[in-house]
Structures are given as C-alpha cells and as structure tokens.
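Enquirer:
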Amino acid sequence: MQLILKFIIYMSQREKIKQILLSDKTNYEVTVKGWVRTFRNNQFIALNDGSTNNNLQIVISLDTDPALQRRLTTGAAISVTGEIVESLGKGQKVELKARELEILGDCDGEKYPLQLKNKPSLEYLREIAHLRFRTNTFGAIFRLRHSLAFAVHKFFNEKGFVYLHTPIITASDAEGAGEMFRVTTLDMKKPPLTVDGDIDYKEDFFGKSTNLTVSGQLEGELGAMAFGDIYTFGPTFRAENSNTARHLAEFWMIEPEMAFYDLKDNMDLAEEFIKYVIRYALDNNREDLDFLATRLIEEEKSKPQAERSEMGLVEKLEFVLNNEFMRITYTEAIDILKNSKPNKNKKFNYLVEEWGTDLQSEHERFLVEKHFKKPVILTDYPAAIKSFYMKQNEDGKTVRAMDILFPGIGEIVGGSQREENYEKLVKRMEELHIPVEELSWYLDTRRFGTAPHAGFGLGFERLVLFVSGMTNIRDVIPFPRTPKNAEF
RNA sequence: UCCUCCUUAGCUCAGUUGGUUAGAGCAUCUGACUGUUAAUCAGAGGGUCGUAGGUUCAAGUCCUACAGGGGGAGCCA
Numbered sequence: 131m132q133l134i135l136k137f138i139i140y141m142s143q144r145e146k147i148k149q150i151l152l153s154d155k156t157n158y159e160v161t162v163k164g165w166v167r168t169f170r171n172n173q174f175i176a177l178n179d180g181s182t183n184n185n186l187q188i189v190i191s192l193d194t195d196p197a198l199q200r201r202l203t204t205g206a207a208i209s210v211t212g213e214i215v216e217s218l219g220k221g222q223k224v225e226l227k228a229r230e231l232e233i234l235g236d237c238d239g240e241k242y243p244l245q246l247k248n249k250p251s252l253e254y255l256r257e258i259a260h261l262r263f264r265t266n267t268f269g270a271i272f273r274l275r276h277s278l279a280f281a282v283h284k285f286f287n288e289k290g291f292v293y294l295h296t297p298i299i300t301a302s303d304a305e306g307a308g309e310m311f312r313v314t315t316l317d318m319k320k321p322p323l324t325v326d327g328d329i330d331y332k333e334d335f336f337g338k339s340t341n342l343t344v345s346g347q348l349e350g351e352l353g354a355m356a357f358g359d360i361y362t363f364g365p366t367f368r369a370e371n372s373n374t375a376r377h378l379a380e381f382w383m384i385e386p387e388m389a390f391y392d393l394k395d396n397m398d399l400a401e402e403f404i405k406y407v408i409r410y411a412l413d414n415n416r417e418d419l420d421f422l423a424t425r426l427i428e429e430e431k432s433k434p435q436a437e438r439s440e441m442g443l444v445e446k447l448e449f450v451l452n453n454e455f456m457r458i459t460y461t462e463a464i465d466i467l468k469n470s471k472p473n474k475n476k477k478f479n480y481l482v483e484e485w486g487t488d489l490q491s492e493h494e495r496f497l498v499e500k501h502f503k504k505p506v507i508l509t510d511y512p513a514a515i516k517s518f519y520m521k522q523n524e525d526g527k528t529v530r531a532m533d534i535l536f537p538g539i540g541e542i543v544g545g546s547q548r549e550e551n552y553e554k555l556v557k558r559m560e561e562l563h564i565p566v567e568e569l570s571w572y573l574d575t576r577r578f579g580t581a582p583h584a585g586f587g588l589g590f591e592r593l594v595l596f597v598s599g600m601t602n603i604r605d606v607i608p609f610p611r612t613p614k615n616a617e618f
C-alpha cells in the first residue's frame, strides 16, 4: 500500500514554479520537481525548475535526516510534495512546506561546476554549454529565444503565409551566398575518380555534388509564385572562416517571400515583422527581459562611460517599437558619410570617397549609432555589390535591394525585390558567370506566369542578440558551431 | 583569414626590474549554529602557472611556435 502511495506521488503531475509564484493562492498541496540552486541554514532550499528564474523556497523540517540533508547539494534534482503557505521570511510571498522530499538525482558538489555564489564568465559557460541552461542568464536567454521563435510563426500565420520547408541538402552551388559544407558519403581516403582524375560525384549518394544550404530563398521564390506568401524558418550553414561575435557556421534564418510585393511592401513587412516579435517578447517575457537588462547594466559597469549604452534594454526595445525605421538610399547614405565629421577628419579607417564602394562596418555603425540613432533601412545599392537575382532599377546601375541595419548588430535583414524579367535575369547571370542551365528550375518561374515579388532574410540569432542585449552570437544559440568548435 | 590582447586552484582574479616553499576571494569538504535570502562562524584539502621548445646560474615572469579564448577587421544573416 505504501509502495503504491509512493508511486502515485512520484508519478503525480508536478506544478510549475512559475505558476505557483504567479498566483496568490496559499494553503494547498502541490508537488514540485526541479534542481537545487542553494540550500541554506539546513532548512531552506531554493528550487528552480526552469519555468522562471525565480526560485521557490522549500522549507524542510529541522529534524530531517542529516544524511538526506547532505544530499541537498547545488544541482541535485529533487521532488517535493507539501503545502504552499504564506512565507514567514521576507524575500518571498509564498513558500513550500515540505512533507515528502525525494532526491531524484544526486549532484556531487566537488565536481559540479555551477555554484550559485560563483560568477562564471560567459566564455567559461560556453565550454559547459550542456549545463549553462541552468544559470539565470541562459535561462532567460533561451526562454526569450523560444518566445521569439514562436512569435515568428504567429506573425506569419496571422498574415496567411505558408510555412515552407526548403531543403537542407542542396545540389546548387550557384547562389554565391558563401562557402558551403559538402555533404558526401564517398570514401574520403580513396574517392572514385573520373578519367580526368577529378573526384567522380556521379558515384556519390545523390549522383552529384551536394552541400548544406546557405539560403532557402531560391526555393522560397518557387513557393511564393504559387501560394503568394511563404516563409521559411530553418537551419542555414556557411563554411566561411568567420571569427566574429556576429557569425555562426550553423544558424537559423527566416526568409519570407511574397508575390506581388515591391520593395516598399517588402520594407513595410520587414519593419512590421520585427516590431511584432519584439512586442511579443516584451508582453510575454518581461521578467526575463528585466533580468537581462539588469545583467547588461552590471556588465557595462566595467566599461568606460563613453562605451555604455545610452538606454536600458527594455527602453531600447520600446524605442525601436515607437519609432519608424529610417529609410534612405545607398546614394543618400554615401552623401551623408562623405560629409560626416569622421570622414572629413579622417577618423574612418576607410574613407568614403566615391559612389559604388561597399559600406564598411564603421560606416554602417556611424549611420545607425551616431547619425540617425535608430534602425536604418538602406535601399537601392549599386548592382555590382549585390546578388544577381535583385531587380534592376531603371537607372541601369542600382538594384532594388534593402538592408536593415541595427545598432550593435549591423545587418539584421538583407532583402530585395527580385528580378522577374526572364531576359534581364539571364543576361545578369551570364555577366556574373552563373551557370544558367543549373538554375533552369529557378528561371522557370520567370517563364511561366512571372510576377513582381520580393523577400528578405533575417538572421534569427542576430534578432535574439538584439532583443537579449547580449553581445556575442555564441551566447544566444544553445550549441554554437563556429570554426574549430562543434562540441556537444 | 588578418591585426591585437589574454591563458596562474573548480570559478573569478593578484603575482613587482627574472630570484627561496606561487597568493586572495568565492566554491568544495569537515564541524558549529539555526527563519535563512549569494545565510553566518571556525578549520581543512586543492596548482606540471595553456602545450612544446629556447635564453639564463635561475622562468609564472623573457623569446619562438602551436592550441584555445576575448576585442577589432574582412565575408555576411
């Protein structure tokens, strides 16, 4: 009988700590399960179950078996059943008076690297990425990341977009979006060779050379030309040897593609979209955002005054919501930069002299952080520095591209209206030596009922970076993949 | 990939112009105490100074290479 009772308690539905703390109810029985953050005074357990950064205080009787007390170490998984009562102490409204306590999993204090009183660095936590979810900072970040991802789907669903799963493995290497990871089942020690001595990919799994996708855009366009509005949201891979706080080898990208949209419609959608997901986070993750805001203030205390943020995190997000993004053309931007103080005083490492050169990070940062002090959408770039598929303007030298630049992040969105004219597109591809044959499936959309359309790509981690106030992209993805790093 | 800085205890960091046995705080362990809030108090254990070479009577400290990390740049989302 006792055994059955124990089994029932063990199996009973646990209450999430977030819900218990949210309600003012007292004097009811619950079971909670989670991990010990700290055990104070042989009496008080701070229990965390990941539903919130706030811990539930568990009170155990002073005559609890000392052997059991010793096992209440930081990190141990426990199950507690008892009564939620008004707290006698000052730090919390309610607490759980334990009646039954079971250790589900011991945690050796000597070996467990996370102790509440220690302040491990973000870099160190990255090395123990399998455990960093148990810290307040990463708890907040990844609950936030979840909400943002959910909001992405919510936004597009409400707008009637179709979520299209574009392929992860692709045979086209003509997109020019960067270095690609090869996918192969060939024996790397002795691959089959052609008569010319090259590797014979006809023998490979797919009968041709294949890679991991660098973008779902081209396939996305096919969807848009049937469903009208589609979006993709999936993993994307770039084998660039990029060692920065803004790049990952594996990241998640959102790529909407809309038929009958021009560049302005595209910008309007992108701005509405970004504001929508930020609003969603503010409405649904306020506690975590407040925590991250406090963390940011603490982090910036060690920085010189001049480098600190002018606004708090939440303030900054509200600011983005309440202000229109600044929209200017590339040509206008060049004029502003040419006449800017740092350009005249030769403070830029790369001085802005002539129309046609690509903007450097320092120029983008000047426009966003110093000149306009808000997100900026740059449009109508020189064709020479943009991709083949972008719609050519009538001036013959610019294309209908748009990049959205964010403070501290740089380019968060890259998009364009697409060239829907078959002849113009093929001509441009030939100029850039892009194999037309290989992309005949893509060009077919321009042969069979072509229509104006547009789309953009948004780097999801860059969005999370901005909303969380973190500064290194490796800290906003659970298991970062970067050059020389594929742990876990 | 380039420039630059860093790597000392489980964590966060000191370590002087090269000079005896490499320190602190926190964590951990042991004991005490008990309505605590990063609990407190007392004691203990814990180091191949990133790796491999080199210079020197002597290297944590100087030099070289490599590895990993930070910041900046390029490429981009």
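When you line the first sequence up against my numbering, it's residues 131 to 618, in that order. Ideal Cβ positions, reconstructed from N, Cα and C, are used throughout, including at glycine.
1. Entirely within the segment 549-600 and at least 4 residues each: give me those alpha helix (DSSP H) ranges in chain order.
2. I need the boundaries of the alpha helix (DSSP H) containing R495, first residue and last residue.
3. I believe L278 touches V597 by the beta-carbon criterion, under 8 Å. Please report the beta-carbon distance rounded to the nearest angstrom.
4. Just to confirm, are H583 and R558 a CB contact at a threshold of 8 Å?
5. Quick one: give me the first and last residue of the alpha helix (DSSP H) that Q347 is part of.
6. Just verifying my parser: in three-state terms, what is the DSSP assignment at K241?
7. In this structure, does DSSP put M456 in helix, strand or coil?
8. Residues in the same chain with beta-carbon distance under 6 Å from I515, minus the five sequence neighbours each way, listed in chain order, please.
9. Could you tell me whether the segment 609-618 touches the segment 550-568, where touching means 3 or more Cβ pairs closer than 8 Å?
10. Could you check what DSSP says for Q199 in three-state terms: helix, strand or coil?
11. What's the call for L348, buried or exposed, on a 16-neighbour Cβ count within 10 Å?
12. Got a sec? Which residues, its chain only, sit under 8 Å from N373 by beta carbon, not counting five neighbours each side?
13. Take every Cβ of the segment 338-347, pair it with every Cβ of the segment 268-288, and state whether three or more of those distances are shorter than 8 Å.
14. Could you give the residue range of the alpha helix (DSSP H) that holds E429?
15. Should I408 and V282 be called a contact, given that it needs their Cβ atoms to be closer than 8 Å?
16. Please list, in chain order, all residues of the same chain as L192 whose beta carbon is under 8 Å from its beta carbon, the five residues on each side excluded.
17. Using three-state DSSP, classify P608 as helix, strand or coil.
18. Taking its Cβ as the centre, do 16 or more other Cβ atoms sit within 10 Å of P608, making it buried, or is it exposed?
19. Between which two residues does the beta strand (DSSP E) carrying I620 extend?
20. Would you check if there are 3 or more beta carbon pairs closer than 8 Å linking the segment 575-594 to the segment 350-369?
21. DSSP three-state call for K249: helix, strand or coil?
22. To the nearest angstrom, how far is it from the Cα of N185 to the Cα of N178?
23. Using three-state DSSP, classify T117 as helix, strand or coil.
24. Could you check if A176 is buried or exposed, using at least 16 other CB atoms within 10 Å of its CB as the buried criterion?
25. If I'm right that I214 touches Y158 with Cβ under 8 Å, what's the distance once you round it to whole angstroms?
26. Extract the residue ranges of the beta strand (DSSP E) inside the segment 372-400, only unbroken runs of 3 or more that lie entirely within it.
27. Under the three-state reduction of DSSP, which class applies to R273: helix, strand or coil?
28. What is the rounded straight-line gap between the Cα of E567 and the Cα of V556?
29. Apply the 10 Å Cβ neighbour rule to N254 and answer buried if 16 or more other Cβ atoms are within range, or exposed otherwise.
30. Going by the CB atoms, is the gap between M355 and A581 shorter than 8 Å?
31. Since Q173 is in the alpha helix (DSSP H), which residue starts that stretch and which ends it?
32. Which residue comes first and which comes last in the beta strand (DSSP E) that contains I147?
33. With DSSP collapsed to three states, give me the class of I188.
34. Would a C-beta distance cut-off of 8 Å place D236 and R262 closer than the cut-off?
Expert: Short version:
1. 552-561, 570-577, 590-598
2. 491-495
3. 6 Å
4. no
5. 347-357
6. coil
7. strand
8. D488
9. no
10. helix
11. buried
12. T612, P613
13. no
14. 416-430
15. no
16. N172, Q173
17. coil
18. exposed
19. What the structure shows of the chain is the stretch from 131 to 618, and residue 620 is not part of that stretch, so it cannot be assessed.
20. yes
21. coil
22. 5 Å
23. Residue 117 is absent from the structure shown; the chain starts at 131 and stops at 618.
24. buried
25. 6 Å
26. 380-389
27. helix
28. 10 Å
29. Just to set this straight, residue 254 is Tyr in the shown sequence, not Asn. That one is exposed.
30. yes
31. Counting along the chain, Q173 falls outside any alpha helix (DSSP H), and DSSP gives it neither H nor E.
32. Careful: I147 lies outside any beta strand (DSSP E), inside the alpha helix (DSSP H) at 147-152.
33. strand
34. no
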